[in-house]
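> Numbering (the working numbering), first residue to last: 200 to 476. In this text, a Cβ means the ideal position worked out from N, Cα and C, and glycines have one as well. Just so it is clear, the structure is predicted and the values come from calculations on it, not from any experiment.
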């Protein structure tokens with residue numbers, strides 16, 4: 200299995216599970232994020248927190264790969280530095296943190312407890328092959344499928360498992376496990392990268408943001424029908440963005456959208472200036 204996959208045709212459309220999911224959730228949000236590349240209203244604490252947790256977990260997985268596991272203090276140090284750095288960048292770049300009912304110290308303490316749970320529960324015998332594995336593969340639909348897999352482990356000869364870490368307040372529903380695009384995209388990509396693989400598995404590792412942190416491991420299964428559905432979705436996505444039509448999809452997700460103010464403001468202009476679509 201190569202260290203990473205890169206593509207020699209940068210002109211091809213770029214598809215990732217994040218782009219697909221954003222477009223499916225709300226085409227207007229997709230336009231703000233990927234077409235206009237607009238600044239968000241503020242910086243989400245959960246987003247920065249999750250990024251720092253991921254950096255600490257990646258360091259721990261790298262230690263397992265090197266057969267030199269990090270101790271808890273080292274994992275905490277990676278998290279604390281990453282979180283402090285991202286908060287500093289947000290605050291100094293004019294996109295302030297949206298702390299709401301928490302603060303820096305409480306968030307760091309929560310992260311320390313969650314990582315203590317993670318380090319305590321992870322199997323030290325995992326055969327880690329790659330962390331933050333970058334892939335960039337052509338698809339029959341005429342685009343490039345791109346992304347990063349948190350961790351790829353070897354489970355046997357020509358057998359692999361993709362581990363995707365998430366921080367979550369509650370466990371995933373059965374519907375999400377059945378229909379979420381991320382496992383489908385990652386399994387499809389790894390099949391292209393390692394066509395000789397006999398078995399490819401996928402697991403969500405949910406590091407729970409509950410009063411007593413917990414690590415839940417949720418296996419996800421995908422079949423040939425799911426992979427065909429992904430191809431259909433990609434074709435629809437490519438057709439949709441090529442038309443330049445990005446309608447709003449109003450709903451509960453608007454409450455958590457970083458472009459909510461700009462989106463609403465564009466519809467509140469005087470009639471003569473209105474660009475609302």
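Just tell me which of 326, 246, 304, 392 has its CA closest to the CA of residue 362.
326
> By how many angstroms is the C-alpha of residue 441 removed from the C-alpha of residue 313?
Cα-Cα distance, rounded: 43 Å.
> Could you give the DSSP three-state label for residue 292: helix, strand or coil?
coil
> Could you give the residue range of the beta strand (DSSP E) that holds residue 402?
That run of the beta strand (DSSP E) goes 398 to 407.
> Tell me which residues share the same chain as residue 239 and place their Cβ nearer than 7 Å to its Cβ, disregarding the 5 neighbours each side in the sequence.
The residues are 294, 457, 458.
> Can you tell me whether residue 453 is helix, strand or coil according to DSSP?
helix
> Within 8 Å, do at least three Cβ pairs link the stretch 244 to 259 to the stretch 277 to 284?
With the rule of 3 Cβ pairs closer than 8 Å, the stretch 277 to 284 counts as touching the stretch 244 to 259.
> Decide if residue 423 is buried, meaning its Cβ has at least 16 other Cβ atoms within 10 Å, or exposed.
With fewer than 16 Cβ atoms within 10 Å of its Cβ, residue 423 is classed as exposed.
> Please state the DSSP three-state secondary structure of residue 226.
helix
> For residue 388, which option in 260, 232, 344, 330 has the closest C-alpha, if you only look at C-alpha atoms?
344
> Indicate, with yes or no, if the ligand SAM has a heavy atom lying under 8 Å from the CB of residue 226.
Because no ligand of any kind appears in the structure shown, any question about the ligand SAM cannot be addressed here.
> Excluding five sequence neighbours on each side, which residues of the same chain lie with their C-beta closer than 6 Å to the C-beta of residue 400?
360
> Closer than 8 Å is the cut-off here; do at least three beta carbon pairs connect the stretch 342 to 358 with the stretch 212 to 220?
yes
> What residue range is occupied by the uninterrupted alpha helix (DSSP H) comprising residue 235?
Careful: residue 235 lies outside any alpha helix (DSSP H) and carries neither H nor E.
> I'd like to check one pair, residue 259 with residue 321: are the Cβ atoms closer than 9 Å?
Result yes, Cβ atoms of residue 321 and residue 259 sit closer than 9 Å.
> Report yes if the CB atom of residue 227 is closer than 9 Å to the CB atom of residue 446, and no otherwise.
yes
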